[in-house]
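Undergrad: In my numbering, the protein residues as written are 263 to 369.
Just so you know, even glycine gets a beta-carbon here, dropped at the ideal spot from N, CA and C.
The structure presented is a predicted model; accordingly, all values stated were derived computationally and were not measured.
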Amino acid sequence: MRNVSFDMLRKVKSNREDCLSGDIWPLIEGEEGDQEDEALQDQIQQQLLSYIDLLPDLQQQVVRGVYLKQLTHQELADQLNVPLGTIKSRLRLGLQKLRSHLEVNDD
263 MRNVSFDMLR KVKSNREDCL SGDIWPLIEG EEGDQEDEAL QDQIQQQLLS YIDLLPDLQQ
323 QVVRGVYLKQ LTHQELADQL NVPLGTIKSR LRLGLQKLRS HLEVNDD
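1. Here's the rule: buried if 16 or more other CB atoms are within 10 angstroms of the residue's CB, otherwise exposed. What is Ala301?
2. Using a Cβ-Cβ cutoff of less than 8 angstroms, which residues in the same chain neighbour Val333 once the five nearest sequence positions on both sides are dropped?
3. Please report how far the alpha carbon of Leu289 lies from the alpha carbon of His363, in whole angstroms.
4. Kindly list the residues whose CB is nearer than 6 angstroms to the CB of Leu320, restricted to its own chain and excluding five residues on each side of it in sequence; keep chain order.
5. Per DSSP, what kind of secondary structure is Gln297 in: helix, strand or coil?
Spelled out as structure tokens, the structure:
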């Protein structure tokens, strides 16, 4: 999941709506295979997933679709049968809420 998260961040880096993701998806650099870093990364991912669970259902769908299922915005719009702009709005709002959760909890 860690590598998938990094790949997704690189992939969507150019989209303005996804610029907030740099603050949300923590990047920890370290040696590959270091068990402490992997354990910390797993803990951070679990915490982030718990914050995603706090989002409204529609925003959860979009954040999970884009970041966990690696769907494009258009694929997700087609799958949910909503306009592309709605997907982008929900993603932006969801990322803002995740960011505020992280800031409040000093994560």
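TA: According to the structure data:
1. For the purposes of this step, residue 301 is taken as the residue at position 39 of the sequence shown. By the neighbour-count rule (16 or more Cβ atoms within 10 Å), Ala301 is not buried but exposed.
2. As a working mapping, residue 333 is identified with position 71 in the sequence shown. Strictly speaking, residue 333 in this sequence is Leu, with Val absent from that position. Answer for Leu333: Gly327, Gln341, listed in chain order.
3. Walking along the sequence shown from the start, residue 289 turns up at place 27. Walking along the sequence shown from the start, residue 363 turns up at place 101. With a pLDDT of 48 at Leu289, under the threshold of 50, the modelled position of this residue cannot be trusted; read the value that follows with caution. C-alpha separation (whole angstroms): 17 angstroms.
4. Stepping through the sequence shown from its first residue, residue 320 is reached at position 58. Closer than 6 angstroms at Cβ, skipping near neighbours: Arg352.
5. Numbered from its first residue, the sequence shown carries residue 297 at position 35. Helix at Gln297.
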